[in-house]
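Numbers given in the working numbering equal positions in the sequence shown, counted from 1, plus 12. Ideal Cβ positions, reconstructed from N, Cα and C, are used throughout, including at glycine.
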Amino acid sequence: MDVIVGGGVVGLSVAWRLARDGRPVTLVDPAPASGASHAAAGMLAPVSEVAYTEVPLLRLGVASLRRWPAFATELAADAGLAGTEALDLRSDGTLDVAFGTDDLAALDELATYMEKLELPVERLSGRECRRLEPMLAPSVRGGLLAPGDAWVDPRRVTAALLAALDRRGVPLVRSRVGELLRDGGRVTGVRLGEGAEMRAERVVLAAGVWSAGLAEVPVRPVKGQIMRLRSPQPLLTRCVRGTVHGTPVYLVPRGDGELVVGATQEEMGFDTRVTAGGLYELLRDARELVPGVTELEIADVVAGLRPGTPDNLPVIGPSGTPGLALATGHHRGGVLLAPLTADILLGEEGELAALCTPGRFREIS
Ligand code: GLY
Numbered sequence: 013m014d015v016i017v018g019g020g021v022v023g024l025s026v027a028w029r030l031a032r033d034g035r036p037v038t039l040v041d042p043a044p045a046s047g048a049s050h051a052a053a054g055m056l057a058p059v060s061e062v063a064y065t066e067v068p069l070l071r072l073g074v075a076s077l078r079r080w081p082a083f084a085t086e087l088a089a090d091a092g093l094a095g096t097e098a099l100d101l102r103s104d105g106t107l108d109v110a111f112g113t114d115d116l117a118a119l120d121e122l123a124t125y126m127e128k129l130e131l132p133v134e135r136l137s138g139r140e141c142r143r144l145e146p147m148l149a150p151s152v153r154g155g156l157l158a159p160g161d162a163w164v165d166p167r168r169v170t171a172a173l174l175a176a177l178d179r180r181g182v183p184l185v186r187s188r189v190g191e192l193l194r195d196g197g198r199v200t201g202v203r204l205g206e207g208a209e210m211r212a213e214r215v216v217l218a219a220g221v222w223s224a225g226l227a228e229v230p231v232r233p234v235k236g237q238i239m240r241l242r243s244p245q246p247l248l249t250r251c252v253r254g255t256v257h258g259t260p261v262y263l264v265p266r267g268d269g270e271l272v273v274g275a276t277q278e279e280m281g282f283d284t285r286v287t288a289g290g291l292y293e294l295l296r297d298a299r300e301l302v303p304g305v306t307e308l309e310i311a312d313v314v315a316g317l318r319p320g321t322p323d324n325l326p327v328i329g330p331s332g333t334p335g336l337a338l339a340t341g342h343h344r345g346g347v348l349l350a351p352l353t354a355d356i357l358l359g360e361e362g363e364l365a366a367l368c369t370p371g372r373f374r375e376i377s
């Protein structure tokens, strides 16, 4: 039996795909779907999320995005949902906008880079941006449309994964894992916080930033504060992002009119407080992009901890220790990379799996 430690979008996806494949699996988490996945905006946006030096991450993201439609269709069916609309899966692209000459030059450089990688992007004038998104600020001077980018509602996805696991009879143990059980250099199971032992042929550590408390894994918390605004009508039709006062901000519209504004990126240890300063910056920057956001009702504010790694790539696959596999370190891309992660834990090998291999960090055990 496989024991999956961690019930965020990654752990739940791995457990579900293994169960679907007919493998015996148990999931352990004291409060599934309440950590980083609960805070996540759900952007499936490898193209607009990428920074210059991160070609490997871009490749992982593009590959996982391609798998999302089938993943969502199968998940919806397994969870007893009518279709992928129930997950709010939308593929209307991301519009990255610029205000000043420097921003425009940066977007232009990014476009050239994307074109070199043969990724579909379109350069747009300010007027063209406003034609696509009439609520954008008049000061927007131009933009870059990544038409292939998509997004999903992570809270609906995790709820669907929990339902699918339930329908497949996968046991969900609502406990904290205190430690991994080891015997002769092998991981043989987990000890629950209450002291009970669970034996496993393989333990998959998918506890996000909490994975580091159970094994030597180089993940660190990167705090993100995010807010959800409620709008009677959708303010935007696609994801919009931009850099304001030197910080990136993004707006993700949900089908029900909700608008997600995110996210801060703070290295504050395990601090999950929502702060006045964090929310002020998000609103200030969002208002620069779309002035109408200040009219909206605040529905929810939350902070989560992204599991960052030294090279920004996730850590997925067998560890150096027999009986222990990892599925953590997804940083800004847990929702996007969930389908690919599950496939690697199901045994996918090759170039993509090699990019994520735990073996690149010598300290992992
Ligand atoms: N993927 C967006 C974020 O982590 O803020």
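Cβ-heavy atom distance, residue i to the ligand GLY, below 6 angstroms
i: Gly346; result: no
i: Met239; result: no
i: Gly274; result: yes
i: Gly54; result: no
i: Gly236; result: yes
Distance, residue j Cα to residue i Cα
i: Pro230; j: Ala51; result: 22 angstroms
i: Gly181; j: Arg266; result: 31 angstroms
i: Val164; j: Leu131; result: 21 angstroms
i: Glu134; j: Leu116; result: 13 angstroms
i: Val109; j: Arg153; result: 8 angstroms
i: Gly92; j: Ala171; result: 11 angstroms
i: Val216; j: Gly316; result: 22 angstroms
i: Ile328; j: Ala365; result: 7 angstroms
i: Glu209; j: Gly23; result: 20 angstroms
i: Glu86; j: Arg78; result: 14 angstroms
i: Ala162; j: Glu97; result: 13 angstroms
i: Pro260; j: Ser49; result: 20 angstroms
i: Asp41; j: Asp297; result: 36 angstroms
i: Leu107; j: Arg203; result: 47 angstroms
i: Glu121; j: Thr255; result: 15 angstroms
i: Gly341; j: Pro150; result: 39 angstroms
i: Leu291; j: Val252; result: 18 angstroms
Environment of residue i [buried if 16+ CB atoms lie within 10 Å]
i: Glu363; result: exposed
i: His257; result: exposed
i: Val305; result: buried
i: Gln237; result: buried
i: Ala176; result: buried
i: Ile378; result: Outside the shown range of the chain (13 to 377) lies residue 378, about which nothing can therefore be said.
i: Pro244; result: exposed
i: Ser331; result: buried
CB contact below 7 angstroms: residue i versus chain C
i: Gly258; result: No chain C is part of this structure, which consists of one protein chain only.
Supposed contact pair residue j and residue i - C-beta distance, whole angstroms, cut 8 angstroms
i: Phe83; j: Pro351; result: 4 angstroms
i: Leu39; j: Leu184; result: 5 angstroms
i: Glu213; j: Ser187; result: The Cβ separation is near 20 angstroms, so there is no contact.
i: Val234; j: Gly320; result: 4 angstroms
i: Leu271; j: Leu247; result: 6 angstroms
i: Thr353; j: Val26; result: 6 angstroms
i: Leu119; j: Leu156; result: 5 angstroms
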